[in-house]
Amino acid sequence: MNQISQTLSIKLLKFECPAKMLQFPIDCLNDIIEYLEDDSNTLYSCLLVNRSWCKISVRIYWRYIRNLSTLIACLPNDSKEILYNNGISISTSKTPVFNYASFCKYLEVCKVIKDIEHFLRIQDISVQNLNDITIIVLQEIFKLLMCQTSSLRELRYTLTNLTSITFTSYPGARECLKNLSTL
């Protein structure tokens, strides 16, 4: 972590909110929080300061997929129904506050697969069905990301027996993938 980020992290952790807090201009606040991109703990703390900080921080924090359950909660109803019909229960008690998929800029397919497998093991999906169900969940996640993410910057994709997915077949993929800088 660079020196600026360390100093900012320390100051943010000691920050106390007075009754009448002076507000930074949003552009300045955005520039400051951008420096925290690689410091997920401090960035997470910024989510909790107030509404303005949250709106800025969440876009930066969710550039990487942070929580698969939250992302699954963002799926459209037809995707949730597909998952439900394949034995995957989805908590629908809370509607997501943000469209988290739209903030994703970095996608590491192997990490998403591992997260899905972990999610499915918690759901007691049988080992015999694990690969098939993982592919179904992966397809629905990719469909969501290709439709909702305006411009993915980085895609890390390693060929495995589970990743025979053609990204360009999803609606919105051309727009989502047009600005890839790392593949």
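If you read the sequence shown in the numbering used here, its first letter stands for residue 1366, the second for the next number, and so on. All residues carry an ideal CB built from backbone N, CA and C; glycine is no exception.
- Residue burial is scored here from C-beta neighbours: Val1462 has fewer than 16 other C-beta atoms within 10 angstroms and is therefore classed as exposed.
- In the DSSP assignment, Arg1521 falls within the unbroken beta strand (DSSP E) covering Glu1519 to Arg1521.
- Across the set Cys1411, Thr1514 and Asn1406, the C-alpha of Cys1411 shows the shortest separation from the C-alpha of Asn1395.
- Taking the Cα positions, Leu1542 is about 31 Å away from Arg1486.
- Contact annotation, Ser1422 with Ile1391: C-beta distance approximately 12 Å; criterion of less than 8 Å not satisfied.
- In this structure the stretch 1489–1498 does not touch the stretch 1468–1477; the number of beta carbon pairs closer than 8 Å is below three.
- Burial state of Ser1444 is buried, judged by a 10 Å Cβ sphere holding 16 or more other Cβ atoms.
- Excluding five sequence positions before and after Glu1402, the CB atoms of its chain that fall closer than 6 Å to its own CB belong to Ile1425, given in chain order.
- Here the alpha carbons of Tyr1429 and Lys1479 stand approximately 15 Å from one another.
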